[in-house]
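Engineer: Before I ask anything, here is the structure I am working with.
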Amino acid sequence: MNQRQYAALLTCCVCVTIATITLYKTAYIPSSGQRIARSEQMMSGQSQFGEGLTSNLSAATTTPLVLPTTVTNQSSPMTATETTTSLTEFYVGVALACGSSLFIGASFVFKKKGLLNLSVRAGDGGYGYLKEPMWWAGLLLMASGEAANFTAYAFAPASLVTPLGALSVIVAALLASYFLKERLNLIGKVGCSLCVVGSTVIVIHSPEEQQVTTMAELAQKLIDPGFIVYVCLVAIVSLVMIFYYAPKMGQQNVLIYIIICSVVGSLSVMGCKAIGLAIVQTIHGQNQFVNWLTYFFIVQLTVCICIQMIYLNKALDTFNTSVVTPIYYVFFTTFVIIASAILYKEWGNMDVKDVLGNLCGFLTVVGGIFLLNAFRDMNISWRDISSATKKTTDTSEPSESHNETHQLLENDREDRVFGHSSASNSISRGSI
């Protein structure tokens, strides 16, 4: 199976998964309107039962029964409207998430193509890519993808939107094989698949974020000791990686650049959500651009994005795109989940099933990353494995014939020895 067939197979699997989730959402998950209608029907039945008892006891008329009938009839149009709105929002969220993955996956290839056109490489410390139109096209694609991904969270649940980001890994692998002529060996393909599966399991079992509606609520959460400790750890890890490990090991180990991008990127997502919250409040009449916290997040987001882009370009310029994309996706998603859970304090609501799901997903991711890094330089394909298996079968057959030949020679030697002994005995008897 070549690169394109592998990417096409993964794409089909993801499409089938999306279709299954959509059918499940449509057929089995009740919308808010349906839940309201069911509750009102239950209340209506209870009212009718109570009023029936009252009428039997007091010999009253059936006039009180008109009220439940009227309420039920009024709820029918609301149920149909809310059901249609819920399904429409669900499909819009799925479309935005898929489009986001398409843009982000293509952005990796565009930026890599722009970096290959430079004489001074980004991995060596050059910044000539800022003058390369292809690199800017990739940056615009990534910005569009992130904007679509941010908007998708308003229409579809996070447990559906975030796993669809795995499509960017498949898109990047497919486009890299076509435009960049890059190849990913068989073990790398298995590792890529494990990364996607493991990160999806982590996101599905991750805690949901608590909704924050005002900048004042966000400010209260930002001074929480747990989040302050996380920010300090991110700063320490980033500084150590940037000034110590990156100059020494950055060209040999892809995890150095990816960890810098991921931990800093987790804070950039928090800043992006804060700016979005400020814009929403301003649109609703509460001007947040007089709040110093808004400008703090603008500066913080700018600094984090610059650091993130610099080291992501170094990773793309130094290593294979098919290796960088899945590892970056896994680490970035994991650190965003950790930062969101610490900031919004939702870990306490996790049950045993979700904890075990997170552990299994994390171990799967570790196994996939190990396969991607440990065997990335080996030229192994399915054809090589088939050839090796065939050679093993061919070499086993001569060994059996060799054993048969050896057995025949042993029998012949024994016959000769036995015949020589018989002749000697005959001669001895004759002489006597």
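Quick note on our numbering: the sequence shown kicks off at 263 and runs consecutively. Where is the CB? At the ideal position from N, CA and C, for every residue including glycine.
Please state the DSSP three-state secondary structure of N582.
Structural biologist: Note: N582 maps to coil in three-state DSSP.
Engineer: Counting only the same chain and skipping the five closest in sequence on each side, list residues whose C-beta sits under 6 angstroms from that of L605.
Structural biologist: These residues qualify, in order along the chain: K483, F489.
Engineer: With burial defined as no fewer than 16 other Cβ atoms inside 10 Å of the residue's Cβ, what is the status of A410: buried or exposed?
Structural biologist: With 16 or more Cβ atoms within 10 Å of its Cβ, A410 is classed as buried.
Engineer: Please state if the CB of I504 and the CB of I569 are separated by a distance shorter than 9 angstroms.
Structural biologist: It is a contact, given that the beta carbons lie within the stated cut-off.
Engineer: Tell me, please, whether the stretch 509 to 521 touches the stretch 534 to 543 by the rule of three or more beta-carbon pairs shorter than 8 angstroms.
Structural biologist: Touching, no.
Engineer: Report the residue from L380, T651, I449, L364 whose alpha carbon sits nearest the alpha carbon of F241.
Structural biologist: Nothing can be reported for residue 241, as the shown portion of the chain is limited to 263 through 694.
Engineer: Whole alpha helix (DSSP H) runs in the stretch 473 to 536 with 4 or more residues, listed along the chain?
Structural biologist: Complete alpha helix (DSSP H) runs here, min 4: 477 to 484, 487 to 502, 508 to 511.
Engineer: Inspect the CB distances between the stretch 593 to 604 and the stretch 438 to 455 and report whether three or more fall short of 8 angstroms.
Structural biologist: Short answer: they don't touch.
Engineer: Using only the alpha-carbon positions, how far apart do G361 and A418 sit?
Structural biologist: For G361 and A418, the distance between alpha carbons rounds to 14 angstroms.
Engineer: Relative to the C-alpha of Q477, which residue among T580, T424, V502, A540 is closest?
Structural biologist: According to the sequence displayed, residue 477 carries Met and not Gln. M477 has its Cα closest to that of A540, out of T580, T424, V502, A540.
Engineer: With burial defined as no fewer than 16 other Cβ atoms inside 10 Å of the residue's Cβ, what is the status of N549: buried or exposed?
Structural biologist: N549 should be labelled exposed.
Engineer: Quick one: using the 10 Å Cβ neighbour count with 16 as the cut-off for buried, is L364 buried or exposed?
Structural biologist: Counting Cβ neighbours within 10 Å, L364 comes out buried, since at least 16 surround it.
Engineer: Taking C-beta to C-beta, are Y389 and L377 nearer than 9 angstroms?
Structural biologist: Cβ atoms of Y389 and L377: not closer than 9 angstroms.
Engineer: Does DSSP classify R638 as helix, strand or coil?
Structural biologist: Residue state, collapsed to three classes: coil.
Engineer: From D639, I647, T596, A650, pick the residue whose C-alpha is nearest to that of V628; which is it?
Structural biologist: Comparing Cα positions, the closest option is T596.
Engineer: Taking the straight line between their C-alpha atoms, what separation do you get for S643 and S649?
Structural biologist: Going from the Cα of S643 to the Cα of S649 covers about 10 angstroms.
Engineer: Using a Cβ-Cβ cut-off of 6 angstroms (strictly less than) and excluding sequence neighbours within five positions of S369, which residues of its own chain qualify?
Structural biologist: Excluding sequence neighbours, S369 sits near G400, L403, M404.
Engineer: Taking only three categories from DSSP, how would you classify K443?
Structural biologist: Here K443 sits in coil by DSSP.
Engineer: How do the stretch 607 to 627 and the stretch 567 to 587 stand: do at least 3 beta-carbon pairs fall below 8 angstroms, yes or no?
Structural biologist: Taking 8 angstroms as the limit for Cβ pairs, the verdict is that the stretch 567 to 587 does not touch the stretch 607 to 627.
Engineer: Measure the CB-CB distance between V592 and G630 and report whether it falls below 9 angstroms.
Structural biologist: Cβ atoms of V592 and G630: closer than 9 angstroms.
Engineer: Between the C-alpha atoms of M396 and K652, what's the straight-line distance to the nearest angstrom?
Structural biologist: Near 46 angstroms, if we compare the C-alpha coordinates of K652 and M396.
Engineer: Please report the residue range of the alpha helix (DSSP H) in which K451 lies.
Structural biologist: Start and end: 448 to 466.
Engineer: By the 10 Å Cβ neighbour count, where 16 or more other Cβ atoms means buried, how is V463 classified, buried or exposed?
Structural biologist: Answer is buried; the Cβ neighbour count reaches 16.
Engineer: Give me, in chain order, the residues of the same chain whose beta-carbon lies closer than 6 angstroms to that of F727; leave out the 5 immediate sequence neighbours on both sides.
Structural biologist: What is shown of the chain runs 263 to 694, which leaves residue 727 out entirely.
Engineer: Helix, strand or coil: how does DSSP classify D646 here?
Structural biologist: In the structure shown, D646 sits in a helix (DSSP, three-state: H, G or I).
Engineer: Measure the Cβ-Cβ separation of V433 and I366 and say whether it is below 9 angstroms.
Structural biologist: Yes.
Engineer: Please state if the CB of C523 and the CB of F412 are separated by a distance shorter than 9 angstroms.
Structural biologist: No. Outside cutoff.
Engineer: Less than 9 angstroms separating the beta-carbons of K241 and D579?
Structural biologist: No statement about residue 241 is possible, as the shown extent of the chain runs from 263 to 694 and does not include it.
Engineer: Could you have a look at L380 and say whether DSSP puts it in helix, strand or coil?
Structural biologist: The answer is coil: DSSP assigns L380 none of H, G, I, E or B.
Engineer: The alpha helix (DSSP H) that contains N611, what's its start and end?
Structural biologist: Looking at the DSSP string, N611 is not in any alpha helix (DSSP H), and its letter there is neither H nor E.
Engineer: Please state the DSSP three-state secondary structure of A428.
Structural biologist: Helix.
Engineer: What does the Cβ neighbour count give for I545, buried or exposed, with the cut at 16 atoms within 10 Å?
Structural biologist: Per the 10 Å Cβ criterion, exposed.
Engineer: Out of L349, V452, T583, which one is the CA nearest neighbour of Y440?
Structural biologist: Nearest option by C-alpha distance: T583.
Engineer: Tell me which residues share the same chain as I560 and place their Cβ nearer than 7 angstroms to its Cβ, disregarding the 5 neighbours each side in the sequence.
Structural biologist: The residues are I537.
Engineer: Rounding to the nearest angstrom, what Cα-Cα distance links I647 and G453 in this structure?
Structural biologist: Distance between the alpha carbons of I647 and G453: 17 angstroms.
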